[in-house]
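So the sequence lines, in the order shown, correspond to chains W and G.
If you count by the UniProt record's numbering, then the first sequence holds residues 1 to 115, one letter each, in order.
If you count by the UniProt record's numbering, then the second sequence holds residues 1 to 115, one letter each, in order.
We treat Cβ as the ideally placed atom computed from N, Cα and C, and that holds for glycine.
Just so you know, these numbers come straight off a predicted model, no measurement behind them.
Number of protein chains: 2
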Amino acid sequence: MSKTVTTDMQRASQLLKLLGDQTRLTMMKLLQSHDCCVCEFVEIFKMSQPAISQHLRKLRDIGLVKETRKGKWIFYSINEDHDDYPFIQGILEHLPGQDGLVTELEAQGLRICCE
Amino acid sequence: MSKTVTTDMQRASQLLKLLGDQTRLTMMKLLQSHDCCVCEFVEIFKMSQPAISQHLRKLRDIGLVKETRKGKWIFYSINEDHDDYPFIQGILEHLPGQDGLVTELEAQGLRICCE
DNA sequence: TGCGTATATAAGCATATGATTATATGATAG
DNA sequence: CTATCATATAATCATATGCTTATATACGCA
């Protein structure tokens, strides 16, 4: 068993473990079509702000998402430059679209929009 | 958010969590090319027999693998009839082959072969 | 400058996970 | 029929995970 193969498997299982949480998985799927800020996620997942922050941190620590400040908000987006992005994308493609979550947010007038 | 979408995401994250363990992920990749019995896994992963059994149980409980008795041994194989097999397969395709593990086992004369 | 809002971090806690050891089951070979 | 080998399950334990509450940071704006 070569060292790099071990490393690759370790890396892959680490990525899969990150995606093996419904909140984070849904976040990633959502981010494929819409950048979102923290407070939007709080609304969407009906979860406390620190809980959301902590999920985002895990995704960010491993480089799957990146953050961009826009005015008062910090928007998160998918880091398509990640070495394993094709792998991630392959997984996300199999999942049902989560755009309904954003639509719902807009209907409530809670979508953050800053240009 | 429709109920089925939620269910699908829940199911997907559950599968990914299962694969988000290096031992189980490697088992699945291995099983794609070789059926293996419990004692082989014990050798390959240098792990206790109960530990291996428990990993296999998780994979079996969710239907990803199935077991077949052959003589004294119980061989595990991938359940290609699983509803989510295409999803799983898509993931495994991105991973480096683990055949070296079986080759190594054969070199040690530990490969179980029963016809 | 200082206040309010958005986000991050820290600490604590309950539950989940993965390993170990000990023991049970179950099929096979004598 | 019994002893043995392969595997499964149970009990236990240490660590990991994900949430909560409390607090810190950092930017935007009056």
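Under the three-state reduction of DSSP, K66/G is assigned to strand.
Each of D21/G, L92/G, R11/G, L110/G was checked against the Cα of I52/G, and the nearest Cα belongs to D21/G.
Among the CB atoms of chain G, none fall inside 9 angstroms of the CB of P50/W.
Taking a C-beta distance under 9 angstroms as the contact criterion, L19/G and L56/W do not qualify as a contact pair. By the beta-carbon neighbour count (other beta carbons within 10 angstroms, threshold 16), Q98/G is buried. DSSP places I44/G within a helical segment (H, G or I) once states are collapsed to three. Put simply, the region 80–89 of chain G does not touch the region 70–90 of chain W. Fewer than three CB pairs are less than 8 angstroms apart.
Below the 7 angstroms Cβ cutoff, chain W contributes F87, G90 as neighbours of H94/G, in chain order. Judged by pairs of C-beta atoms under 8 angstroms, the region 65–79 of chain G touches the region 33–49 of chain G, as three or more such pairs exist. Cβ contact annotation for L101/W (same chain, cutoff 8 angstroms, sequence separation greater than five): T26, L30, I44, in chain order. Counting only residues of its own chain and dropping the five nearest sequence neighbours on each side, M28/W has a CB closer than 8 angstroms to the CB of L19, L59, L64, V65, I78, I88, L92. Sorting K72/W, E67/W, M47/W by C-alpha distance to the C-alpha of E80/W places E67/W at the top. Taking 9 angstroms as the cut-off, the Cβ atoms of H94/G and A107/W do not count as close. Under the DSSP definition of a beta bridge, C39/G lacks any partner. Secondary structure note for I74/W: it is in no alpha helix (DSSP H), and the uninterrupted beta strand (DSSP E) holding it is 73–78. G100/W: member of the alpha helix (DSSP H) spanning 99–107, first to last residue. Residue environment analysis places R69/W among the exposed positions, since fewer than 16 neighbouring C-beta atoms fall within 10 angstroms of its C-beta. Using beta-carbon distances, T68/W does not count as an interface residue toward chain G, since no partner is under 9 angstroms.
Judged by DSSP secondary structure, P86/W falls within the alpha helix (DSSP H) whose first and last residues are 85–93.
Per DSSP, the continuous alpha helix (DSSP H) segment holding R24/G begins and ends at 22–33. If you compare the alpha carbons of D8/W, H82/W, I62/W, T23/W with that of K46/W, the shortest gap goes to T23/W.
DSSP places L110/W in no alpha helix (DSSP H); its state is neither H nor E.
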